[in-house]
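Line order of the protein sequences matches chains E and G. The numbering of the first sequence is my numbering, which starts it at 1 and goes up by one. The numbering of the second sequence is my numbering, which starts it at 395 and goes up by one. All residues carry an ideal CB built from backbone N, CA and C; glycine is no exception.
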Amino acid sequence: MRHVAVVAVLAVLLLGAFPASADDPPWKQGMPPELKDSPLAPIAQPPAPKAPGEIPVDKIKLPPGFKASLWAHGIHNARVMTWGDKGTLFVSSRVAGNVYAVVDKGGAREVKTIAKGLNLPNGVAFRNGTLYIAEVSRITKMERIEDRLDDPPAMTVVYDILPRDLPHGWKYLAFGPDGKLYFNIGAPCNICLPPDTHANISRVNADGTGFEYYAHGVRNSVGFDWHPVTKELYFATHARDWLGEDVPSDRFDHAPRKGLHFGFPFCHQGDIPDPEFGKTRTCSEFAPPLIKTGPHVAGNGVRFYTGAMFPAEYKNRAFLAQRGSWNRTQKSGFRVMMVTLRTGDVPKYEVFAEGWLQGDQIWGRPVYVQEMRDGSLLVSDDYAGAIYRITYQR
Amino acid sequence: MPLAGLWVVAAVLAMTAGAPAHAADLDAGRHKAEPCKTCHGPDGNATTPGIPSLAGQPAIFTHWQLIKFRDGRRKDPQMSAFAASLSDADMADLAAYYAAQPSRPRPSPTDPEKVAIGGRLAEQHHCASCHRPGLVGHEQVPRLVGQDLTYLVKLLRGFKAQTAGDLDGTMSMAVERLSEADIENLAHYIADLSGRSARP
Chain E
1 MRHVAVVAVL AVLLLGAFPA SADDPPWKQG MPPELKDSPL APIAQPPAPK APGEIPVDKI
61 KLPPGFKASL WAHGIHNARV MTWGDKGTLF VSSRVAGNVY AVVDKGGARE VKTIAKGLNL
121 PNGVAFRNGT LYIAEVSRIT KMERIEDRLD DPPAMTVVYD ILPRDLPHGW KYLAFGPDGK
181 LYFNIGAPCN ICLPPDTHAN ISRVNADGTG FEYYAHGVRN SVGFDWHPVT KELYFATHAR
241 DWLGEDVPSD RFDHAPRKGL HFGFPFCHQG DIPDPEFGKT RTCSEFAPPL IKTGPHVAGN
301 GVRFYTGAMF PAEYKNRAFL AQRGSWNRTQ KSGFRVMMVT LRTGDVPKYE VFAEGWLQGD
361 QIWGRPVYVQ EMRDGSLLVS DDYAGAIYRI TYQR
Chain G
395 MPLAGLWVVA AVLAMTAGAP AHAADLDAGR HKAEPCKTCH GPDGNATTPG IPSLAGQPAI
455 FTHWQLIKFR DGRRKDPQMS AFAASLSDAD MADLAAYYAA QPSRPRPSPT DPEKVAIGGR
515 LAEQHHCASC HRPGLVGHEQ VPRLVGQDLT YLVKLLRGFK AQTAGDLDGT MSMAVERLSE
575 ADIENLAHYI ADLSGRSARP
């Protein structure tokens, strides 16, 4: 009898008999009973960057031989980093609404704000002298920007036939090996049946023509990169919230060709049908994650390592910056992971840098990674408004 | 551009980009809040319908709203003009000053029936998860108790129209399924709390 009761309780918990009231706002749908009165809420973005003295860079823990230093600070909400042809580092922000240019002056970095008041301008990409910026509903460009950092040109529109939804409306933006601009159009909700226009990775030519969807069923991917050898796309995806402390896992995905569906909103982490939307579909219909990266870890920046400074085994490894959880009592993420792809075997997935989380307190959130020309690695922190540089010496 | 001009531009840009976190100064904030008193009340408790009270608002929230007004992502004829002249330090001081002022009751004419329906809506939509029990706010999430009916209606409509200065879409998600009637009922519920609550 007791066994029957236990099984029944388990069935209720596992099969998602969650009281998903039709009146619940989308971001709370599927909230399990034990989290109904949960005070979990997104972590506050500080309204100003931290001063160098408030950034304990020595707490960043790395493998032997590696060292982290504070490379730049005072960059409010620093997010995506991309290099200009002449050595300028362009840095985006999200809620701060700014785009920055960081000029390396040898011993110090000068930070210039080149655009402000933008609508969540998370995406920046650079090609042929031109900086491309992705806001919620448009992609714009600044031509010859490196020649006029102190007098930036007007932003001209490349493509603006995009949804205006703010939830998951901020974009990652990068040039693929085909010369096209790739970006995400996130689901406009925590969990919902999104319109056909949402929950994907899309691409468009740099002149704004030839828009098409590349990957479907992607809840929100704000970081991706192409393998240096195979030139195939790998991306990080944030999974839905309020399904539980330990499920579903976020994902690291592989999209070797156009047209794959990665399961949202029907199936999470490749093997958990959604309590509401999973009833009519099966998980086997969809591309499974290459790696389950952990619950609520919020993987953002993805970058394959191509440099010569780090030990030889680091070549072609992917770094994955995890900005960290909010929808979990015990915080997870707040670290940089590394992924080693192996022929005929599952990828190796291990910690590279951690220490932004101390106990249950955070002092920073690693969010994007970018290689320097000397092979060292930059890590941006949107919470502290800083960029760290990780070097290696045998 | 002459060299001196270039230098000024570079300096201004460096200041706006590189200003690190500023230790907020309450007394400076009190002084800087002088021009705010006409509308927001002598201690941040407004009495004019449609004007928000700032007393007891979490400092992070107020600071972010000022940033939004300054860079034009949130628009208001008075506030946009005022915020245009503020430095990051001014914003930190003002936000800290208002966070330290006790919130006082703010009576609005409310309809008991709408209050009751609004209360149920607030529960269904889990407003207290972010706004905390009693809707007193927390960090970047504003205190709702202390606001009047007119402002609450205007704000909720603004989130639907994406003109209310939503930081990252969280409120847009929350209001997505609210009807105009829901907005009115929720506003009556919160305005009723404002009339009764005297907690800081």
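Where do the ends of the beta strand (DSSP E) carrying residue i lie?
i: residue 249 (chain E); result: 249–255
i: residue 544 (chain G); result: Where residue 544 (chain G) is concerned, there is no enclosing beta strand (DSSP E), although the alpha helix (DSSP H) it sits in stretches over 543–555.
i: residue 224 (chain E); result: 223–226
i: residue 565 (chain G); result: Where residue 565 (chain G) is concerned, there is no enclosing beta strand (DSSP E), although the alpha helix (DSSP H) it sits in stretches over 564–569.
i: residue 348 (chain E); result: 345–354
i: residue 211 (chain E); result: Unbroken run through residue 211 (chain E): none, as it is neither H nor E.
i: residue 236 (chain E); result: 233–237
i: residue 174 (chain E); result: 173–175
Since residue i and residue j are thought to touch, with beta carbons under 8 Å apart, how far apart are those beta carbons, to the nearest angstrom?
i: residue 117 (chain E); j: residue 97 (chain E); result: 5 Å
i: residue 304 (chain E); j: residue 318 (chain E); result: 5 Å
i: residue 321 (chain E); j: residue 351 (chain E); result: Not confirmed; about 12 Å, so no contact.
i: residue 297 (chain E); j: residue 324 (chain E); result: 7 Å
i: residue 461 (chain G); j: residue 534 (chain G); result: About 11 Å; that fails the 8 Å criterion.
i: residue 80 (chain E); j: residue 129 (chain E); result: So it is not a contact: roughly 19 Å between Cβ atoms.
i: residue 302 (chain E); j: residue 234 (chain E); result: 6 Å
i: residue 422 (chain G); j: residue 457 (chain G); result: So it is not a contact: roughly 14 Å between Cβ atoms.
i: residue 60 (chain E); j: residue 51 (chain E); result: No, residue 60 (chain E) and residue 51 (chain E) are not in contact; Cβ-Cβ is about 18 Å, not under 8 Å.
Can you check whether the C-beta of residue i is within less than 7 Å of a C-beta belonging to chain E?
i: residue 533 (chain G); result: yes
i: residue 537 (chain G); result: no
i: residue 582 (chain G); result: no
i: residue 577 (chain G); result: no
i: residue 566 (chain G); result: yes
i: residue 550 (chain G); result: no
i: residue 590 (chain G); result: no
i: residue 337 (chain G); result: Residue 337 (chain G) lies beyond the range of chain G shown here (395 to 594); nothing can be said about it.
i: residue 613 (chain G); result: Past the edges of chain G, shown from 395 to 594, lies residue 613 (chain G), and the structure says nothing about it.
i: residue 434 (chain G); result: no
i: residue 457 (chain G); result: yes
Tell me the residue span of the alpha helix (DSSP H) that contains residue i.
i: residue 445 (chain G); result: Counting along the chain, residue 445 (chain G) falls outside any alpha helix (DSSP H), and DSSP gives it neither H nor E.
i: residue 277 (chain E); result: Looking at the DSSP string, residue 277 (chain E) is not in any alpha helix (DSSP H), and its letter there is neither H nor E.
i: residue 424 (chain G); result: 420–426
i: residue 509 (chain G); result: 506–518
i: residue 434 (chain G); result: 431–434
Closer than 7 Å, CB to CB, is residue i near chain G or not?
i: residue 166 (chain E); result: yes
i: residue 171 (chain E); result: no
i: residue 44 (chain E); result: yes
i: residue 48 (chain E); result: yes
i: residue 97 (chain E); result: yes
i: residue 116 (chain E); result: yes
i: residue 382 (chain E); result: no
i: residue 41 (chain E); result: yes
Does residue i come out as helix, strand or coil in the three-state DSSP assignment?
i: residue 456 (chain G); result: helix
i: residue 104 (chain E); result: strand
i: residue 586 (chain G); result: helix
i: residue 381 (chain E); result: strand
i: residue 580 (chain G); result: helix
i: residue 266 (chain E); result: coil
i: residue 72 (chain E); result: strand
i: residue 201 (chain E); result: strand
i: residue 115 (chain E); result: strand
i: residue 127 (chain E); result: strand
i: residue 321 (chain E); result: strand
i: residue 369 (chain E); result: strand
i: residue 440 (chain G); result: coil
i: residue 139 (chain E); result: strand
i: residue 534 (chain G); result: coil
i: residue 393 (chain E); result: coil
i: residue 92 (chain E); result: strand
Inset, instruction - Would you list, in sequence order, the uninterrupted beta strand (DSSP E) runs of no fewer than 3 residues that lie entirely inside the stretch 285–319 of chain E? - result: The qualifying runs are 291–295 and 299–304.
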